[in-house]
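Asker: Input: one structure, supplied below.
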Ligand SMILES: [Zn+2]
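Have a look at this one:
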């Protein structure tokens, strides 16, 4: 193999209570002098303003810009602002959308990206991939791995619990994603990386084992989830693609995003998809469903707030979303009747 396999990983990761206060020191340590904080109007009050104060107290020039939409127009605007102040880093302080905008803007302006998540809703907090409207596809694209991740479990614990449960769904889904990846390897000779695959699988198992601690909002549970989210970001960086973290269950979620009148959260949809795809793979889908149930994540169409017909359509449509991504759905080629029977068999509809 002459091909160069490049792996970009975060250099500093801090997870725990009140770690936001170390943001200034971390940026100093990385040699940053001017930074652009990207945040939402609401997250500004929760963490953005504090982040700016901490950065300024550490002697950095820290400007703030607000995002409301996760679209390419916003990415271009943030990129221009970052270039105008010659920022060394773009710091995303907020939920998934804000993080994605900051990540993509940093990639486009060639600056560092620092991730400060305020929710644990999906695995984008430490990955190099971003999903933004206007890219012409419903899934994520390569952006830039964070140079640092500062995940304050106290802030994340104060976010609505629904986001945390969604993040668990996104992590548990790796149990299926890795099997889809192995299947593509066996069927088409696609590259498979055991290290990245194992890391994603381990994150999935650990979150399932910690279901009760997460449900009880224990610090230990939050820590396990945050470490799992970071580990999955790392697994994607090692693999060089989202393969270890996104398989047929993600395609089902992307299909829902396209056809459902009101889609649910990404991780919620992936969790429900995981139950059904696990059954197709011959995995113990009941224990996956039980973990999601204990955590308080949706396990049915009703809990997702999505109609029965839409679920069936999404199951059939999923394999068309990303033709190059071979999964169990290419092997079984579900008809509408089979899709309906699958969803019924798992109690989803
Ligand atoms: Zn995901």
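In our numbering, the protein residues as written are 560 to 908. Glycine included, each C-beta is placed from N, C-alpha and C at the ideal position. The model shown is predicted, which means the values in this text are computed figures rather than measured ones.
For residue 569, which of helix, strand or coil comes out of DSSP?
Answerer: coil
Asker: If you reduce the DSSP assignment to three classes, tell me which class residue 581 lands in.
Answerer: DSSP places residue 581 in helix when its eight states are reduced to three.
Asker: To the nearest angstrom, how far is it from the Cα of residue 689 to the Cα of residue 652?
Answerer: Cα to Cα, the separation comes out at about 15 Å.
Asker: From residue 896 to residue 587, what distance separates their C-alpha atoms?
Answerer: 59 Å
Asker: Could you check where the alpha helix (DSSP H) with residue 664 kicks off and where it finishes?
Answerer: 655-668
Asker: Put residue 821 into one of helix, strand or coil per three-state DSSP.
Answerer: coil
Asker: Under 8 Å by Cβ, that's how I've got residue 863 and residue 823 pegged, so tell me the actual separation to the nearest angstrom.
Answerer: Between residue 823 and residue 863 the Cβ distance is about 4 Å, and since that is below 8 Å, they are a contact.
Asker: Quick check: residue 716 and residue 737, are their CB atoms within less than 9 Å of each other?
Answerer: no
Asker: What is the DSSP secondary structure of residue 560, counted as helix, strand or coil?
Answerer: Confidence at residue 560 is low in this model, with a pLDDT of 46, below 50, so its placement is unreliable and the value that follows should be read with caution. Here residue 560 sits in coil by DSSP.
Asker: When you measure from the CB of residue 804 to every non-hydrogen atom of ligand 1, does any distance come out below 8 Å?
Answerer: yes
Asker: According to DSSP, what are the bridge partners of residue 800?
Answerer: In DSSP, residue 800 forms no bridge with anything.
Asker: Report yes if the C-beta distance between residue 633 and residue 599 is below 9 Å; otherwise report no.
Answerer: no
Asker: Is it buried or exposed for residue 604, if we count other Cβ within 10 angstroms and need 16 for buried?
Answerer: exposed
Asker: With C-beta atoms as the reference, is residue 686 less than 9 Å away from residue 668?
Answerer: no
Asker: Let me check you understand the geometry: is the CB of residue 771 closer than 8 Å to at least one non-hydrogen atom of ligand 1?
Answerer: no
Asker: Does the beta-carbon of residue 826, which I'm using as the reference point, lie nearer than 8 Å to any heavy atom of ligand 1?
Answerer: Yes - ligand 1 has a heavy atom lying nearer than 8 Å to the Cβ of residue 826.
Asker: Going by beta carbon distance, what residues of the same chain come within less than 6 Å of residue 648, once the five residues before and after it are set aside?
Answerer: The residues are 591, 594, 670, 671 and 673.
Asker: Of the choices 701, 656, 815 and 814, whose alpha-carbon is the least far from that of residue 666?
Answerer: 701
Asker: Suppose you measure from the CA of residue 857 to the CA of residue 576; what does that come to, to the nearest Å?
Answerer: Distance between the alpha carbons of residue 857 and residue 576: 28 Å.
Asker: Quick check: is any heavy atom of ligand 1 less than 8 Å from the C-beta of residue 809?
Answerer: Residue 809: yes, Cβ under 8 Å from ligand 1.
Asker: Near residue 828, which residues of its chain fall below 6 Å by C-beta distance, leaving aside the five closest residues on each side in sequence?
Answerer: 812 and 815
Asker: What is the residue span of the alpha helix (DSSP H) that residue 612 lies within?
Answerer: Segment 608-616, the alpha helix (DSSP H) holding residue 612.
Asker: Cβ of residue 731 within 9 Å of Cβ of residue 691?
Answerer: no
Asker: For residue 688, does the three-state DSSP call read helix, strand or coil?
Answerer: In this structure, residue 688 counts as strand in the three-state DSSP scheme.
Asker: For the segment 830-840 and the segment 797-807, state whether three or more C-beta atom pairs, one from each stretch, are separated by less than 8 Å.
Answerer: yes
Asker: Apart from the five residues on each side of it in sequence, which residues of its chain come closer than 8 Å, Cβ to Cβ, to residue 796?
Answerer: 566, 567, 568, 686, 687 and 704
Asker: Can we say the segment 740-752 touches the segment 872-890, given the rule of at least three CB pairs closer than 8 Å?
Answerer: yes
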